[in-house]
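Here the structure is laid out as structure tokens; the discussion comes afterwards.
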Amino acid sequence: MSIELLALVALLPILVALVLMVGLRFPATRAMPLAWLVCVIGAIGVWNLPAGYVSALTLQGIVTAIGVLIIVFGAIIILYTLQYSGGMETIQYGMQNVSRDKRIQAIIVGYMFAAFIEGAAGFGTPAALAAPLLLSLGFPPLAAAVICLVFNSFPVSFGAVGTPVLIGLKFLAPLTQEAVAQGIPGLNFTDFGSFAKVIGQWATLMHGPMIVILPIFMLGFLTRYFGEKKSWVEGFKAWKFCVFSAVAFAVPYYVFAWFVGPEFPSLIGGLVGLGIIVAGAKRGFCVPETPWDFGPQSSWDAEWTGSIRTAANTEFKAHMSQFRAWLPYVLIGLILVVTRIPELGLKGFLSAQKIPFNDILGYKGVSASIDYLYLPGTIPFTLVALLTILLHGMKGDAVKRAWGESIAKMKSPTIALFFAVALVSIFRGSGVVDAALNPNAYPSMPLAMAKAVAAVAGNAWPMLASFVGGLGSFITGSNTVSDLLFAEFQWGVAAQLSMPRQVIVAAQVVGGAMGNMVCIHNIVAVCAVVGLTGREGTLLKRCFLPFVLYGVVVGVVASLMSFVFLPHLF
164 MSIELLALVA
174 LLPILVALVL
184 MVGLRFPATR
194 AMPLAWLVCV
204 IGAIGVWNLP
214 AGYVSALTLQ
224 GIVTAIGVLI
234 IVFGAIIILY
244 TLQYSGGMET
254 IQYGMQNVSR
264 DKRIQAIIVG
274 YMFAAFIEGA
284 AGFGTPAALA
294 APLLLSLGFP
304 PLAAAVICLV
314 FNSFPVSFGA
324 VGTPVLIGLK
334 FLAPLTQEAV
344 AQGIPGLNFT
354 DFGSFAKVIG
364 QWATLMHGPM
374 IVILPIFMLG
384 FLTRYFGEKK
394 SWVEGFKAWK
404 FCVFSAVAFA
414 VPYYVFAWFV
424 GPEFPSLIGG
434 LVGLGIIVAG
444 AKRGFCVPET
454 PWDFGPQSSW
464 DAEWTGSIRT
474 AANTEFKAHM
484 SQFRAWLPYV
494 LIGLILVVTR
504 IPELGLKGFL
514 SAQKIPFNDI
524 LGYKGVSASI
534 DYLYLPGTIP
544 FTLVALLTIL
554 LHGMKGDAVK
564 RAWGESIAKM
574 KSPTIALFFA
584 VALVSIFRGS
594 GVVDAALNPN
604 AYPSMPLAMA
614 KAVAAVAGNA
624 WPMLASFVGG
634 LGSFITGSNT
644 VSDLLFAEFQ
654 WGVAAQLSMP
664 RQVIVAAQVV
674 GGAMGNMVCI
684 HNIVAVCAVV
694 GLTGREGTLL
704 KRCFLPFVLY
714 GVVVGVVASL
724 MSFVFLPHLF
């Protein structure tokens with residue numbers, strides 16, 4: 164069978180997911196099982212893989228998904244524990260007293276606070292948490308949703324302590340080893356660990372321009388589409404505070420990405436940056452002289468509002484000191500640092516604790532494991548959630564509700580992730596080099612797509628690579644799953660076109676992050692929390708322009724890195 168037909172068969176599961184979730188508005192719990200079924204049919208019917216082997220790959224994917232779900236649960240249990248302890252409302256109370264200027268509030272809450280939450284928790288938590296806070300500060304629901312979705316982009320590559328890189332790229336480990344062994348020119352890594360660090364470094368360079376451009380653009384966007392005067396200039400007048408905030412975030416962001424690894428850039432950047440800009444805003448540093456507001460609600464466009472009343476839905480009050488409220492997040496940051504820096508000794512011990520699943524169903528090499536102590540869902544998330552019960556003096560009923568709701572929230576992501584990651588496992592396992600398992604010696608499904616795309620795109624691929632990552636997030640709802648789905652595809656395209664693998668894979672990671680702003684799961688979730696259910700199409704339309712802008716800027720940087728900078732470095 165020709166490579167073009169193989170690529171089409173490989174593309175079908177993705178198209179099925181796209182049509183079902185976007186066109187027919189199926190939830191991921193229904194769309195992903197059907198996409199997995201289409202993938203199984205292609206693997207058995209076209210690739211001629213044995214049904215037992217496909218079953219083993221499916222189980223391998225489920226084991227991998229369990230690791231991701233442990234992180235998801237840890238993020239959710241921290242959120243609900245803080246909500247029921249009163250810690251989250253105390254944090255919100257402190258936030259609303261920093262500045263009256265809605266532009267400044269958008270940066271503090273939507274940009275910096277959300278970046279910190281993304282670094283610590285990820286998985287859609289920032290938008291779900293920050294949007295209601297903006298709503299309570301007087302933002303129209305649609306404006307709050309747009310701000311939180313668009314700003315939840317550049318931190319996402321390092322969300323949930325580096326999960327999109329460390330877990331999302333895990334299937335590239337054998338390819339990196341093979342490339343190093345072959346001595347391919349232009350490689351600046353020696354194993355998967357150093358490869359992951361390099362990807363994080365190049366990703367920061369691609370995100371870099373938008374870390375500065377995006378806040379300025381979005382404040383102009385805010386005043387243009389939600390202001391009384393419909394003026395871009397009103398938003399641009401806060402450019403000094405935007406640059407101040409970008410520097411406050413970017414300095415620790417870059418330091419940790421380049422010198423430590425992909426676990427901490429967003430978490431530390433958001434935490435340090437938040438402290439700096441809140442202190443600056445309180446003192447009026449770089450803050451415009453004249454505060455800006457949305458104007459009276461009577462003048463708002465009807466499409467801006469939903470079923471939840473702005474600024475009247477919640478009256479925040481402090482249940483404890485700000486220090487006690489923030490202490491769980493401080494502990495998360497400290498524990499992550501202690502357990503992720505190799506020189507401190509704990510990383511090696513924790514990462515060695517595994518539940519192995521070797522040669523699943525007897526198929527050699529089809530293996531997976533659950534790093535039950537090294538996954539951030541257990542240490543520090545669940546550990547800190549338990550400590551918070553004591554730190555915040557929670558009563559039994561509040562603890563019961565926090566854990567009960569967290570467990571209940573796991574049903575949908577469990578179903579969706581099981582089938583999404585199982586699909587990815589079949590994708591990557593379809594190119595096995597074994598005549599008994601792959602009698603036609605076909606390339607893997609991602610590699611088949613890579614060869615077909617490389618023949619069409621040619622040297623223009625660096626401009627397009629990030630949009631593929633964005634498509635993955637749009638479909639699957641996760642930067643991590645987008646990377647699991649398309650990282651080998653991106654590596655294959657780079658190999659076909661003789662481009663730096665690390666640059667194209669970094670563009671995939673960045674694209675998966677920018678895809679969060681148009682991700683259908685995030686859009687549905689944030690619409691639900693701000694009372695805009697049924698307006699998802701309107702929100703998607705508002706987020707599309709920032710998404711395209713981000714992709715074009717990343718494409719330019721990736722092209723420069725591919726054809727100008729890196730060839731002269733190696």
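Numbering (my numbering), first residue to last: 164 to 733.
Just so it is clear, CB atoms sit at the ideal spot from N, CA and C, and this is done for glycine as well.
Top-ranked residue by Cα proximity to residue i, from the options
| i | options | result |
| --- | --- | --- |
| Ile196 | Ala228, Ala180, Gln340 and Gly301 | Per the sequence presented here, residue 196 reads as Pro, with Ile not at that position. Nearest of Ala228, Ala180, Gln340 and Gly301 to Pro196, Cα basis: Ala180. |
| Val182 | Ala194, Leu171, Ala173 and Val172 | Ala194 |
| Thr244 | Ala604, Ser636, Ala565 and Ala620 | Ala565 |
| Ile376 | Val727, Ala721, Val717 and Val631 | Val717 |
| Thr577 | Gly469, Met251, Leu232 and Lys265 | Leu232 |
| Ala366 | Ala617, Ser320, Arg188 and Ala401 | Ser320 |
| Ala617 | Ala359, Gln659 and Pro304 | Gln659 |
| Leu174 | Asp646, Ser636 and Met612 | Met612 |
| Asn211 | Ala401, Lys480, Val172 and Leu298 | Val172 |
| Ile177 | Pro663, Met608 and Ile379 | Met608 |
| Ile374 | Cys690, Asp522 and Pro318 | Pro318 |
| Gly594 | Val209, Ala669 and Met184 | Val209 |
| Pro663 | Phe457, Leu220 and Phe352 | Phe352 |
| Arg263 | Arg446, Asp354, Gly432 and Arg188 | Arg446 |
| Phe457 | Val584, Arg266, Gln340 and Leu222 | Arg266 |
| Ala657 | Gln259, Gly525, Leu350 and Ala277 | Leu350 |
| Pro303 | Ser462, Leu723 and Thr551 | Ser462 |
| Gly674 | Gly640, Leu296 and Ala269 | Gly640 |
| Pro459 | Lys392, Pro505 and Phe590 | Lys392 |
| Met164 | Phe649, Gly205, Leu553 and Leu554 | Gly205 |
| Leu335 | Glu651, Val719 and Val727 | Glu651 |
| Thr369 | Ala420, Val596, Gly346 and Thr541 | One detail in the question is off: residue 369 reads as Met in this sequence, not Thr. Checked all of Ala420, Val596, Gly346 and Thr541; the closest Cα to Met369 is Ala420. |
Opposing strand residues paired with residue i [DSSP bridges]
| i | result |
| --- | --- |
| Pro519 | Ser532 |
Contact check, residue i vs residue j, beta carbons under 8 Å
| i | j | result |
| --- | --- | --- |
| Leu610 | Gly655 | yes |
| Phe399 | Leu385 | no |
| Ala721 | Ala628 | yes |
| Gly224 | Val587 | yes |
| Val328 | Gly371 | no |
| Ser514 | Tyr537 | yes |
| Phe630 | Val681 | no |
| Ala214 | Ile523 | no |
| Ile234 | Pro539 | yes |
| Ser569 | Ile254 | no |
| Leu509 | Val501 | yes |
| Ile498 | Pro425 | no |
| Val361 | Gln665 | yes |
| Pro451 | Ala401 | yes |
| Ala579 | Ala191 | yes |
| Leu507 | Val584 | no |
| Ala481 | Tyr256 | yes |
| Val261 | Val418 | no |
| Phe314 | Gly273 | yes |
| Ala277 | Val693 | no |
Anticipated Cβ contact below 8 Å, residue i with residue j, distance rounded
| i | j | result |
| --- | --- | --- |
| Gly633 | Phe710 | 7 Å |
| Gly678 | Ser645 | 7 Å |
| Leu702 | Leu695 | 7 Å |
| Gly282 | Ser429 | 3 Å |
| Gly250 | Ala615 | In fact, because the Cβ distance is near 51 Å, the residues do not count as touching under 8 Å. |
| Trp467 | Phe389 | 7 Å |
| Asn685 | Leu312 | 6 Å |
| Gly496 | Met275 | Actually they are not in contact, since the Cβ atoms of Gly496 and Met275 sit about 15 Å apart, beyond 8 Å. |
| Ile280 | Leu292 | 6 Å |
| Ala323 | Ala238 | 6 Å |
| Tyr247 | Ala561 | 4 Å |
| Gly469 | Arg698 | 7 Å |
| Ile270 | Cys449 | About 10 Å separates the two Cβ atoms, so there is no contact after all. |
| Gly592 | Val529 | 7 Å |
| Val226 | Ile589 | Contact doesn't hold; Cβ gap of about 14 Å is too wide. |
| Thr643 | Ile330 | 6 Å |
Residue-level contact to chain D via CB, residue i, 8 Å cutoff
| i | result |
| --- | --- |
| Ser218 | The structure shown has no chain D; it contains just one protein chain. |
**OP:** Counting only runs of 4+ residues fully inside the region 417-481, write out the alpha helix (DSSP H) ranges in chain order.
**Re:** Runs of the alpha helix (DSSP H) lying entirely within the region 417-481 and spanning at least 4 residues, in chain order: 428-445.
**OP:** Could you tell me which uninterrupted beta strand (DSSP E) segments, each at least 3 residues in length, are contained entirely in the region 330-354, listed from first to last along the chain?
**Re:** Within the region 330-354, no complete beta strand (DSSP E) run reaches 3 residues.
Subject >> Inside the region 242-289 only - alpha helix (DSSP H) runs reaching at least 4 residues >> reply: Whole alpha helix (DSSP H) segments, 4+ residues: 250-258, 265-268 and 277-283.
**OP:** Any chance you could list the alpha helix (DSSP H) runs of at least 4 consecutive residues sitting entirely within the region 603-661, in chain order?
**Re:** Within the region 603-661, the runs of alpha helix (DSSP H) at least 4 residues long that lie entirely inside it are, in chain order, 608-620, 624-639 and 642-660.
Original post:
At which residue ranges does the region 191-250 contain complete alpha helix (DSSP H) runs of 4 or more residues, listed in the order of the chain?
Top reply: 191-208 and 214-248, all fully within the region 191-250.
Subject >> Within the region 557-593, ranges of the alpha helix (DSSP H) (whole runs, at least 4 residues) >> reply: Runs of alpha helix (DSSP H) with 4 or more residues, each lying fully within the region 557-593, are found at 559-571 and 574-592, listed in chain order.
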